[in-house]
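In what follows, a structure is listed as structure tokens, so that the remarks can point back to it.
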DNA sequence: GCATTATATAACCAACAAGTTAATTAACCA
DNA sequence: TGGTTAATTAACTTGTTGGTTATATAATGC
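Residue numbers (our numbering), protein chains in the order written: chain A, 292 to 414; chain B, 292 to 414.
What follows is the structure in structure tokens.
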């Protein structure tokens, strides 16, 4: 299913493409710049395909200057991922299993002291 | 390539699986609980496969209680994603195109005032 | 022991992803 | 005009994903 977020996550699910993004986080780069670290391992068409995946996922923007195709990061897709992640922040943050979990237990008990709540885990 | 982060992103690249995670963020759930919203659309084996993908990606932890397999979120994988995202925070945050970009231009100009810098975007 | 409930496995299929080589387009340069 | 550089397209192969149906396992309850 080609919903935007799925496309973005799927584009990120490849170390070559993540390396390309890392490269772009240090500045604009052409296709061959982006591919250079992989040229021993893979052909140029493979590289342009990876770039195209990043582009279709909205993670980069490709321009044209002479024969080159200078690429840069597009914040939009990254922002979408960050927004999606937000809803899970409490789960990965250090304090969750300790203070935060404790606080939720306390407030839940105060609001609704009934036992066997199906949402037990959410505390 | 089955590096952990790629597996995690690839597990997230599916709306069914993201919906399952959303369900789990509101509390523990069994396989059939997780699958219930999709039972009109897909078979049970398809559902257990999705759950298995989430499990192998480290996004959930599956226990056993009688015939059920109660699942819960595993913060570890989410934390890995969040950590990876951190390096791009500046790109998606509101202020980037404005203040931050401006500040980088200024400091770059102070250090190296030459024009047509190939790293222009990084400023 | 037997039926029921919950989940898992096997075998299969269609669609897609990631790579290849070979050929093509497009811009620049002399 | 012709050559070089940068990137793309085409055609193909191979492996993986996401689904199916049918069958099997495993724990519970009578």
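All C-beta atoms in this analysis are idealised placements derived from N, C-alpha and C, irrespective of residue type, glycine included.
query                                                                                                                                                               : result
Please classify residue 406 of chain B as buried or exposed, where buried requires at least 16 neighbouring CB atoms within 10 angstroms.                           : Low confidence applies here, because residue 406 of chain B scores a pLDDT of 37, under 50, leaving its location unreliable; read the following figure in that light. It is exposed - the Cβ of residue 406 of chain B has fewer than 16 other Cβ atoms within 10 Å.
Does the distance from the CB of residue 347 of chain A to the CB of residue 298 of chain A come in under 8 angstroms?                                              : yes
Check residue 313 of chain B in the structure and name its three-state DSSP category.                                                                               : helix
Buried or exposed: where does residue 409 of chain B fall if 16 or more other Cβ atoms within 10 Å of its Cβ makes it buried?                                       : In this predicted model, residue 409 of chain B has a pLDDT of only 30, less than 50, meaning its place in the structure is not dependable; the value taken from the coordinates is given anyway. Exposed, because fewer than 16 other Cβ atoms sit within 10 Å of the Cβ of residue 409 of chain B.
Grouping DSSP H, G and I as helix and E and B as strand, with all else coil, what is residue 363 of chain A?                                                        : strand
Within 10 angstroms of its Cβ, does residue 411 of chain A collect 16 or more other Cβ (buried), or is it exposed?                                                  : In this prediction, residue 411 of chain A scores a pLDDT of 33, lower than 50, which makes its location untrustworthy; the coordinate-derived value is nonetheless stated afterwards. Its Cβ having fewer than 16 others within 10 Å, residue 411 of chain A is exposed.
Quick check: what's the CA-CA separation for residue 327 of chain A versus residue 306 of chain A?                                                                  : 15 angstroms
Below 8 angstroms between beta carbons: does that hold for residue 370 of chain A and residue 383 of chain B?                                                       : yes
Pick from B:325, B:366, B:381: whose alpha carbon is nearest that of residue 360 of chain B?                                                                        : B:325
Less than 8 angstroms between the CB atoms is what I'm expecting for residue 353 of chain A and residue 315 of chain A, so what's the real figure, rounded?         : Their Cβ separation, rounded to whole angstroms, is 11 angstroms, which puts residue 353 of chain A and residue 315 of chain A out of contact at 8 angstroms.
Hey, does residue 328 of chain B have any beta-carbon neighbour from chain A nearer than 8 angstroms?                                                               : no
Buried or exposed for residue 311 of chain B, please, with buried defined as at least 16 other CB atoms from any protein chain shown within 10 angstroms of its CB. : buried
Determine the DSSP secondary structure at residue 340 of chain B, reduced to helix, strand or coil.                                                                 : helix
State the DSSP-derived secondary structure class of residue 331 of chain A, mapped to helix, strand or coil.                                                        : coil
Under the three-state reduction of DSSP, which class applies to residue 348 of chain B: helix, strand or coil?                                                      : coil
Between the C-alpha atoms of residue 303 of chain B and residue 349 of chain B, what's the straight-line distance to the nearest angstrom?                          : 11 angstroms
Residues of the stretch 307-325 of chain A in Cβ contact with chain B at a cutoff of 7 angstroms, in chain order, please.                                           : 316, 317, 318, 319
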